[in-house]
Structures are given as C-alpha cells and as structure tokens.
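Residue numbers (full-length UniProt numbering): 1 to 131.
Shown next, in structure tokens, is the structure this report addresses.
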C-alpha cells in the first residue's frame, strides 16, 4: 500500500523541510506559493494539504493563503486542509474553518501534535470518501 500524499504549502523553506522530514508515513510534496501549490495539487491530487496563510506576494497578510484554500476546495471539495500558520489575526482560525479548512494549527509547530491533527484529517477523508 502506498503512503498518502500530502502537499505542504509554506513560503519558508525551513518549515517545508522540517515538515517533509518530520511527517513520516506520507508522500510529501511541497510548494512555496499559491501558484506553485495549485500546480502541484493538479499534478498530484493529494487528499491532504497543510497551508500557511502568509504566502507571497502577501507574505505578511492572509489573502494568498485564503485564495489557495478556496481554489483547492473548488477543485476537490473532499480535500482535507490543515492551516499551519503564524497569522494569528483576529478570527483567522474561525475564518479558515468557515471556508472549509479541516483545522487551524498555529505556529510554532510541534511535530507530534501536528502529525495527530493530520492523521485525524486523513481518517476523516477516508471515512467520507468511502461513502
């Protein structure tokens, strides 16, 4: 059986590397921007995505991250997206969930805890895709 695919979207190379090596049991694909994320998503069709809200050219804001969330879910509504972001602006977690994110996980990342969230997301994906 092959490992589930997960797309890691973050403009920070160190974060992408940390997650790539820390998420054992997954076939990890990475992207550093909204456009790259959409290209990788269309190429690989991963059921799981971790998504930073602060992506270029709006790395200090959240517009690119929310646009990526919306575009991925329009293409594949069953995709489980975990927001992994340091953008803790008022309501970002609630806004992310209301726009279809599975969960909002604030940075800094504790890999064990994030892996449990991702495992829950994948279990939910499997339960809902088998209906």
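Built from N, CA and C at the ideal position, the CB exists for glycine as well.
Buried or exposed (CB count within 10 angstroms, at least 16 for buried), residue i
i, result
"residue 80", "buried"
"residue 10", "buried"
"residue 52", "buried"
"residue 92", "buried"
"residue 126", "exposed"
For residue i, the residue or residues it bridges with in DSSP
i, result
"residue 30", "8"
"residue 81", "49"
Where the beta strand (DSSP E) containing residue i begins and where it ends
i, result
"residue 51", "48-51"
"residue 103", "103-106"
Sequence-distant residues of its chain with Cβ nearer than 6 Å to residue i (five each side left out)
i, result
"residue 50", "8, 82 and 84"
Expected contact under 8 Å - CB spacing of residue i and residue j to nearest Å
i, j, result
"residue 34", "residue 68", "4 Å"
"residue 105", "residue 114", "6 Å"
"residue 48", "residue 123", "With a Cβ gap of about 11 Å, residue 48 and residue 123 do not count as contacting."
"residue 87", "residue 62", "5 Å"
First through last residue of the alpha helix (DSSP H) which encompasses residue i
i, result
"residue 87", "Where residue 87 is concerned, there is no enclosing alpha helix (DSSP H), given that its DSSP letter is neither H nor E."
"residue 109", "That residue, residue 109, is in no alpha helix (DSSP H); it is neither H nor E in DSSP."
"residue 62", "It is not in any alpha helix (DSSP H) - residue 62 carries neither H nor E in the DSSP assignment."
Own chain residues within Cβ distance below 8 Å of residue i, not counting five before or after
i, result
"residue 101", "51, 69, 81, 82 and 83"
"residue 18", "109 and 111"
"residue 78", "47, 125, 128 and 129"
Spatial neighbours of residue i in its chain, beta-carbon cut-off 7 Å, leaving aside the 5 residues before and after
i, result
"residue 46", "5, 6, 7 and 29"
Closer than 6 Å: residue i CB and nearest the ligand PLP heavy atom
i, result
"residue 8", "As far as ligands go, the structure on display features none, and thus does not contain the ligand PLP."
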